[in-house]
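Chains as they are written, first to last, in our numbering: chain A, 66 to 258; chain B, 66 to 258.
All residues carry an ideal CB built from backbone N, CA and C; glycine is no exception.
2 protein chains.
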Amino acid sequence: MPRRSDATRAAILAAARERFAADGFERATIRAIAAEARIDPSMVMRYYGNKEGLFAAAAEFHLHLPDLGEAPPAEVGERLVGHFLHRWEQDDTLVALLRAAVTQESAVDRIRAIFAEQVGPVAARHAPDPAEAPARAGLVATQMLGFALCRYVLRLQPVVALDKAEAAAWLAPTIQRYLTATVNSDASAADRP
Amino acid sequence: MPRRSDATRAAILAAARERFAADGFERATIRAIAAEARIDPSMVMRYYGNKEGLFAAAAEFHLHLPDLGEAPPAEVGERLVGHFLHRWEQDDTLVALLRAAVTQESAVDRIRAIFAEQVGPVAARHAPDPAEAPARAGLVATQMLGFALCRYVLRLQPVVALDKAEAAAWLAPTIQRYLTATVNSDASAADRP
DNA sequence: AGATCAAGTCAACGGGCGTTGGCAAACGGA
DNA sequence: TCCGTTTGCCAACGCCCGTTGACTTGATCT
């Protein structure tokens, strides 16, 4: 059942995501978030309890990974990378999460959960041995989060300069290999046609 | 010429690195750093001016990359990854830098400089076209910083569980490809024997 | 021995923060 | 229309932070 204050709640959440993404957890003040949402700081407390609770609500995030079951096995890396890039250019929640994770344990937990619950199954489906899924999802995380870090947080100029297609072309073989390559074989076999 | 206060200065710097690495820039308080160094907070101000100056001093960092000019071209990725892993397990300055970079522009500048000045030349030496060096150094950054982020900051369990040799085996082909692969050829050609 | 200066201690400041509780207005069911 | 509830605003609290300046101690040199 809708409440009269739903618009306010949404405005707070939107402002919170923006400030958390831009400034990180501690620099993003409740006062600044409230100002951006054009409401009083005390409203934030009323609706979300405290700053931690607000962050938890603002950091709700789903990757919405597509079902890759029917994709050609050789294209899984490419599709996954494309989806990642698209997903976090349209929504700065993940950047907020990344910025906050550096000091906020709850943000770390969230990221952990995202990779375990959302990337893990993809890895389980495409890895030669499903038992390796967590390790493979972890490797995927190192590359995808590293790219996001350099592009959206550190804004390293050469990484920002890449367009989406170039970036995907560089990263796809890496992800493909992390997902599917056999450990004791030629590490790059998976990249081959 | 050595000053009588050199021991104190060094103690402050060591404590600062520890606190910055563990807590990030804003959570690491001058008071906590001073307590760890067993001196008065005002000494920090006397010797380093302000918190920003202390951080700048604590974040002095060199990768000490080995000269890879004589290494077999096919092993450059492997050696580089090995050196990276070794380098930042022995010194938490880079973790401090990474944690602080999320909110501190000066930390971002430092990281930018490290990759431009220290990794760039390596890329210039091994890339097919030296003009691509910045882009290639940037790609190397996405993978190496992403790995450090997941392992030392987020502590993603599967990434922490990898030992150095396993990690190097996974990352080396990626770095090798980012440094040497030709853009419009088979992306994984560089990995081949 | 006394003068000089570096090294270290102490108490306090101003400011910004998260958070609280009281009070006014707007709404909605009876 | 009246009354309870929701929504919003305001002022303030207590806390901790970076930073300051005045003061004491101790080493060094003539």
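- Excluding five sequence positions before and after V184(B), the CB atoms of its chain that fall closer than 8 angstroms to its own CB belong to L128, L130, A202, V205, A206, given in chain order.
- Residues of the stretch 168 to 195 of chain B with a Cβ closer than 8 angstroms to any Cβ of chain A, in chain order: T168, V173, I176, R177, F180.
- At a cut-off of 7 angstroms between C-beta atoms, T207(B) counts as an interface residue with respect to chain A.
- Distance between G118(B) and R175(A), taken at the CA atoms: about 33 angstroms.
- Per DSSP, the unbroken alpha helix (DSSP H) holding F120(A) starts and ends at 116 to 123.
- DSSP places P137(B) in the coil class of the three-state scheme, outside both helix and strand.
- Interface flag for A200(A) against chain B is set, since a Cβ pair is found closer than 7 angstroms.
- Within its own chain, the residues whose Cβ lies closer than 6 angstroms to the Cβ of A136(A), once the five positions on either side in sequence are excluded, are R144, listed in chain order.
- L214(B) and R69(A) have their C-alpha atoms some 42 angstroms from each other.
- Taking 7 angstroms as the threshold, the shortest C-beta distance from E91(B) to chain A falls below it.
- Around the beta carbon of Q241(A), 16 or more other beta carbons sit within 10 angstroms, so the residue counts as buried.
- Put simply, the stretch 155 to 170 of chain A touches the stretch 80 to 94 of chain A. At least three CB pairs are less than 8 angstroms apart.
- By the neighbour-count definition (other C-beta atoms within 10 Å, threshold 16), H151(B) is an exposed residue.
- Per DSSP, the unbroken alpha helix (DSSP H) holding I240(B) starts and ends at 229 to 245.
- In the structure shown, Q169(B) adopts coil according to DSSP, grouped into three states.
- Against chain B, the beta carbon of A76(A) has no neighbour under 7 angstroms; the closest one sits roughly 25 angstroms away.
- Going by DSSP, V224(B) is part of the alpha helix (DSSP H) stretching over 222 to 226.
- Within 7 angstroms of the CB of G203(A), the CB atoms of chain B belong to C215, L221, P223, V224, in sequence order along the chain.
- Taken atom to atom, the span from the alpha-carbon of A99(B) to that of A75(B) is near 12 angstroms.
- For the stretch 131 to 165 of chain B, the set of residues with a beta-carbon nearer than 7 angstroms to any beta-carbon of chain A comprises R164, in chain order.
- In this structure, the CA atom of V187(B) is about 39 angstroms from the CA atom of A97(B).
- In this structure, DSSP gives Q208(B) a helical state, which the three-state scheme calls helix.
- Against chain B, the CB of F212(A) has a partner CB under 7 angstroms away; the residue lies at that interface.
- By the CB criterion at 7 angstroms, F149(A) and M209(A) fall inside the cutoff.
- With the criterion set as a beta carbon lying under 8 angstroms from some beta carbon of chain A, the stretch 107 to 119 of chain B has no members that meet it.
- T158(A) places its beta carbon 7 angstroms or farther from that of H191(A).
- DSSP places P67(B) outside both helix and strand once states are collapsed to three, so it counts as coil.
- Around the beta carbon of V225(A), a 10 Å sphere encloses fewer than 16 other beta carbons of the protein chains shown; the residue is thus reported as exposed.
- In the DSSP assignment, P186(A) falls within the alpha helix (DSSP H) that extends over 185 to 191.
- Distances from the alpha-carbon of Y217(A) to those of A124(A), A81(A), A102(A), D156(A) put D156(A) closest.
- For P199(A), the CB contacts under 8 angstroms within the same chain, skipping 5 residues up- and downstream, are A181, G185, A188 in chain order.
- One thing to note: T168(B) has its Cβ within 7 angstroms of the Cβ of R92(A).
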